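Working notes, beginning with the structure itself.
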Amino acid sequence: MFDFLNDLLHNAVRNLGRKPLRTGMMIMGIVIGVASVILISSIGESGRNAITSQLNSLGMDGLNIQAASAVSSQSALHDIDVQKSRQVKGVKAVMPIIMQMGGAQIRNVQKQALIWGIGEQARQMQTVHLLYGSMLTKSDVQNAANVCLVEDAFARAAYKRSNIVGKTITVFVNSTSTTMKIKGIVANGSGMFYNLVGNYIPSFLYIPYTTAENLRGEDGYDQIAVQTYSESNNDLIGNRIVSALSTDGSGNTYVAMNMFKQRQQLSDVLNIITLIISAVGGISLVVAGLGIMTVMTMSVSERTREIGIKKAIGAPKSAILLEFLFEALGISILGGVIGLAAGLLLAYAATVVMHMPFAWTIQSVLFSTLLSASIGVVFGVYPAVKASNLNPVDALRCE
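If you count the sequence shown from 1, you need to add 1250 to reach the working numbering.
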């Protein structure tokens, strides 16, 4: 049995070597198809992971409480609302949030800034990656300290280095300027989006929410971030918070957004998009399979006399069938392996250029490998059957 398989493999390699250019073109078709599927699925997975990481950095894994409508133009959320939210059963932690567009300047470098007024719970409730210095403290919040956390990219733009803890920054809000001390350096909150579009998006700046109130000249908060003990109960807890806030008699209406569910829905959409695009890439594999079938059918015509001689000296139909199937399978497997390596390499290069973490799934690798092998078998069946069914007498007459 081993000798039989060895002979089949030897004959397949020899026959494919007769027409190296033709064989190379068939292999290239499989390579392009597999590489396309791997490249698209890997970039899709990397993008999904990067977006999930960015949503985590914004605290998007719990609840976000906002005023759906307010009776007055003043902020509709206040300390009493924070306290009520904290007292709801199932709530682990709460943090007021103020978001304000403004500007910032370090040395002679000016940037638009999205100013985040946050609390000392930020590290617990947001995935803020501290690189140097320290996070905001309870004392900073209580004293409305003029301290801030600055993004790494902003620091490097001004000082050509990341660690500028202790330096000063000028913050501009509503035509007024305030000098603050840089307390910490954090990884870019705008993440891959910053790396992709650079200065077209504002830099993130984190300050105590009490300081943000002073800068805006108005008491109250834009949002209340809520962390729950169980994300599966977010909707129930959100309804409880809305009910608690609606009893204040202000006439304001509130909404609790389940950020965990929204993140899951976004992830599902990204998965579907990746699957659809990968399927489009997989069409090239089908085209490559048709190419294999066409070329192998031509090969049967070219080797008709050879097939006749083999059958005349006693070669069974199964041997002829397996010989052609081995050739088709060899093309698809070799193309699949090369395509897999090329796809992963291209995906890695693409993620480096886009500053995204490289990611791939074993499912996509197995799918592409099995698909390429299946393509070879399925599209190799017709020429193999045609070859095995040749009449040896008619085949020997062929010139």
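Note that beta-carbon positions come from the ideal geometry of N, C-alpha and C, so glycine has one too.
The model shown is predicted, which means the values in this text are computed figures rather than measured ones.
I'd like the list of long-range same chain contacts for residue i, defined as Cβ closer than 7 Å, with 5 residues on each side in sequence excluded.
i	result
ILE1487	LEU1313, VAL1338, GLY1340, VAL1341 and THR1478
LYS1334	ALA1494 and LEU1495
ASN1483	GLY1340
Buried or exposed for residue i, going by 16 or more other Cβ atoms inside 10 Å?
i	result
VAL1603	exposed
PRO1270	exposed
ASN1358	exposed
ALA1568	In the sequence on display, residue 1568 carries Ser and not Ala. By the 10 Å Cβ count, SER1568 comes out exposed.
ILE1625	buried
ASN1438	buried
GLN1473	buried
GLY1416	exposed
VAL1392	Reading off the sequence, residue 1392 comes out as Gln, not Val. GLN1392 comes out exposed.
MET1606	buried
What are the residues that DSSP puts in a beta bridge with residue i?
i	result
THR1418	LYS1431
PHE1454	LEU1364
ALA1354	LYS1361 and VAL1421
LEU1616	DSSP output for LEU1616 lists no bridge partner at all.
THR1241	In the structure as shown, the chain begins at 1251 and stops at 1649. Residue 1241 is therefore absent and cannot be evaluated.
VAL1519	Bridge partners of VAL1519: none, in fact.
GLN1477	ALA1343
MET1349	TRP1366
Measure the alpha-carbon distance for residue i versus residue j and round it to whole angstroms.
i	j	result
THR1426	ILE1414	24 Å
ALA1565	ILE1559	9 Å
ILE1347	TYR1459	6 Å
LEU1594	SER1528	14 Å
LYS1388	LEU1616	51 Å
ILE1419	GLN1355	6 Å
THR1428	VAL1421	5 Å
PRO1642	ILE1581	27 Å
ALA1462	LEU1535	56 Å
ARG1466	GLN1350	8 Å
SER1323	TYR1382	Low per-residue confidence applies at SER1323: pLDDT is 48, beneath 50, and the placement is therefore not dependable, though the value from the model is reported in the following sentence. Computed Cα separation, rounded: 39 Å.
VAL1344	LEU1579	60 Å
TYR1632	ARG1555	19 Å
SER1614	MET1276	22 Å
SER1412	ALA1600	25 Å
ARG1264	GLU1577	10 Å
VAL1545	LEU1575	13 Å
ARG1336	ASN1464	24 Å
PHE1443	LEU1620	At PHE1443, the pLDDT of 49 sits below 50, so the modelled position is not reliable; the number obtained from the coordinates is stated separately. So the two alpha carbons sit approximately 35 Å from each other.
Once the 5 residues before and after residue i are set aside, which same chain residues still bring their CB inside 8 Å of it?
i	result
LEU1571	ALA1634, VAL1635, ALA1637 and SER1638
LYS1361	GLY1353, ALA1354, GLN1355, PHE1404, ALA1407, ASN1449, PRO1452 and SER1453
Is residue i near the ligand MN, going by C-beta to nearest heavy atom under 6 Å?
i	result
LYS1567	The ligand MN is absent from the structure shown, which contains no ligands of any kind.
Who are the Cβ neighbours of residue i in its own chain at under 6 Å, not counting the five residues just before and after it?
i	result
PHE1629	GLY1539, ILE1542 and MET1543
SER1286	GLY1531 and SER1534
ILE1290	ILE1527, SER1528 and GLY1531
ALA1506	LEU1313, ILE1315, GLY1488, ILE1491 and VAL1492
At least 3 beta-carbon pairs within less than 8 Å: the region 1289-1298 vs the region 1505-1525 = yes
Give a yes or no on contact between the region 1582-1591 and the region 1269-1289, applying the rule of three or more CB pairs nearer than 8 Å.
-> yes
Count the C-beta pairs between the region 1509-1519 and the region 1363-1374 that are closer than 8 Å, then say yes if the count reaches three, no if not.
-> They do not touch, by the three-pair rule.
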